[in-house]
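Numbering (our numbering), first residue to last: 400 to 796. All C-beta atoms, glycine included, are put in the ideal place defined by N, C-alpha and C. Here's the structure we're looking at; comments come further down.
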RNA sequence: GGGUGGGUGCCCGAGUGGUUAAUGGGGGUGGACUGUAAAUCCACUGGCUAUGCCUACGGCGGUUCGAAACCGCCCCCACCCA
């Protein structure tokens, strides 16, 4: 293929392409390709983990291709078991539609809506007859289904697998047939499903899609994949300062993959800097700052990124407090401190608040509190601090 | 339908009649250290303004001075056989 720059863009960060040769052929046709992404709008809070795939979609668009976003309103009512060790809770159709709207609003922060078609798969699944479903399911055997790692693990580990979960991969495959997908994007956990699409297309005499698999972005804990339920995520809707801080405080080991998957900064430049860090000639924080700035810029603009960077430094130097400290109004007078801490949402119960105090993590107006029975006199404006980065303003009503 | 093994705190997992929110690990939170990261160390990790009271070991009943543990029924899960 002559267009090596385009190929380089497409291949950046990609874990696996099945088959790369097929993709080269498709690209060389010179006509816009159908790039498919299927989503289950289960959790409308889009975080950076999702953006890895979205950014890839955007790169395809910038090269002239068309994105088809399949909203799995029907598949969501089945619940994709991919990568899960449990049956997923089934959503109501109403929830799915509502979530889809929220999802799209965030999706289009990255993906170009002008080059995107949004299609609900209920469009065809609501019309399939039982006979057609039977025919679809006859395309696969139980043994093939159990090849999928997560099914296999659950089966061996004595975890339940509901039969309806077997429908999911075939439904996803059917989507690809219906829209004539050329490329389907997904994480490695989607490999099995995407390959079903490839095979189903082929068996129906269509040109099979190419599977393009992106790595799973690890979360801020550096261990598990980024996910809302694990609380290790960075949301695309987060405020600049919060976003900046989370990226800046990332474990070192994650920096390279974040650069690769979440920015367009040339890989050579990153590798050169990482080498300097390893050699001890560059402070790792400088690299994290560059990363944080770039990502915050993408979602909030250059000015906000600059402000966040300055603010972050001030906070750590102890010169400033974060912006947007939540304010809680209470009646003037004496208040038992644990009660204030709970009110400010820094602890779930009075008991937890007492323990925080006993552990020496609480200060009120810069005075450390050691006694869980302590009371605070509230008149005017006060600063309550729990731990290193949890601040709240307490104001007299 | 028959058989076997299970259901314990956020997760995993000890515990089989008798102080005690219930060993241990993971995770989480706070502190020390540090680069704001990692690693390490220490503390905390059901609720209640609390020398005590309440709630908790799948559910409901029962035995007992006393049960997560014993008995009965029920619900749920896995595996084997059909």
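Using the DSSP secondary-structure output, state which residues sit across from residue i in a beta bridge.
i, result
"residue 762", "767, 784"
"residue 516", "467"
"residue 446", "634"
"residue 624", "617"
"residue 794", "728, 780"
"residue 775", "734"
Taking the straight line between their C-alpha atoms, what separation do you get for residue i and residue j?
i, j, result
"residue 533", "residue 526", "14 Å"
"residue 724", "residue 529", "57 Å"
"residue 642", "residue 791", "19 Å"
"residue 796", "residue 508", "40 Å"
"residue 521", "residue 661", "32 Å"
"residue 593", "residue 467", "15 Å"
"residue 786", "residue 549", "39 Å"
"residue 561", "residue 581", "31 Å"
"residue 623", "residue 617", "6 Å"
"residue 668", "residue 775", "53 Å"
"residue 421", "residue 636", "37 Å"
"residue 597", "residue 708", "46 Å"
"residue 736", "residue 645", "29 Å"
"residue 799", "residue 585", "With the chain represented from 400 up to 796, any question about residue 799 goes unanswered, as that position is not in the structure."
"residue 789", "residue 761", "10 Å"
"residue 734", "residue 777", "7 Å"
"residue 448", "residue 732", "46 Å"
"residue 495", "residue 666", "38 Å"
"residue 498", "residue 627", "15 Å"
"residue 738", "residue 649", "32 Å"
"residue 419", "residue 608", "11 Å"
"residue 640", "residue 700", "12 Å"
"residue 567", "residue 553", "16 Å"
"residue 407", "residue 454", "14 Å"
Identify, in the order they occur along the chain, each residue of the same chain with its Cβ nearer than 7 Å to the Cβ of residue i, setting aside the five sequence neighbours on each side.
i, result
"residue 457", "509, 510, 511"
"residue 401", "Summary for residue 401: the model assigns pLDDT 49, below 50, so the residue's position carries little reliability; its value from the coordinates is reported in the next sentence. There are no such residues."
"residue 517", "468, 470, 503"
"residue 672", "681, 686"
"residue 653", "617, 621"
For residue i, which residues in the same chain have their Cβ closer than 8 Å to its Cβ, ignoring the five residues on either side in sequence?
i, result
"residue 705", "692"
"residue 759", "767, 769"
"residue 514", "460, 464, 465, 466"
My output table needs one value for residue i: the three-state DSSP class, helix, strand or coil.
i, result
"residue 586", "strand"
"residue 612", "strand"
"residue 595", "helix"
"residue 746", "coil"
"residue 733", "strand"
"residue 498", "helix"
"residue 405", "helix"
"residue 789", "strand"
"residue 568", "helix"
"residue 455", "helix"
"residue 754", "helix"
"residue 741", "helix"
"residue 580", "coil"
Just to confirm my understanding: we take residue i, look at its own chain, exclude 5 residues before and 5 after, and list those with CB closer than 6 Å. What are they?
i, result
"residue 756", "768, 771"
"residue 570", "474"
"residue 405", "462"
"residue 730", "796"
"residue 764", "781, 782"
"residue 486", "Low local confidence applies: a pLDDT of 47 at residue 486 is under 50, so the model's placement there is unreliable, with the coordinate-based value given in what follows. Cβ within range, chain order: 561."
"residue 615", "586, 624"
"residue 784", "762, 790"
Which full runs of the alpha helix (DSSP H) of 4+ residues lie inside the stretch 630-706, going along the chain?
Annotation note: the stretch 630-706 contains the following uninterrupted alpha helix (DSSP H) runs of length 4 or greater, listed N- to C-terminal: 639-647, 654-661, 666-678, 683-699.
Which ranges does the alpha helix (DSSP H) cover as unbroken runs of at least 4 residues, wholly within the stretch 408-452, from first to last along the chain?
For the stretch 408-452, whole alpha helix (DSSP H) runs of length 4 or above, ordered along the chain, are 419-427.
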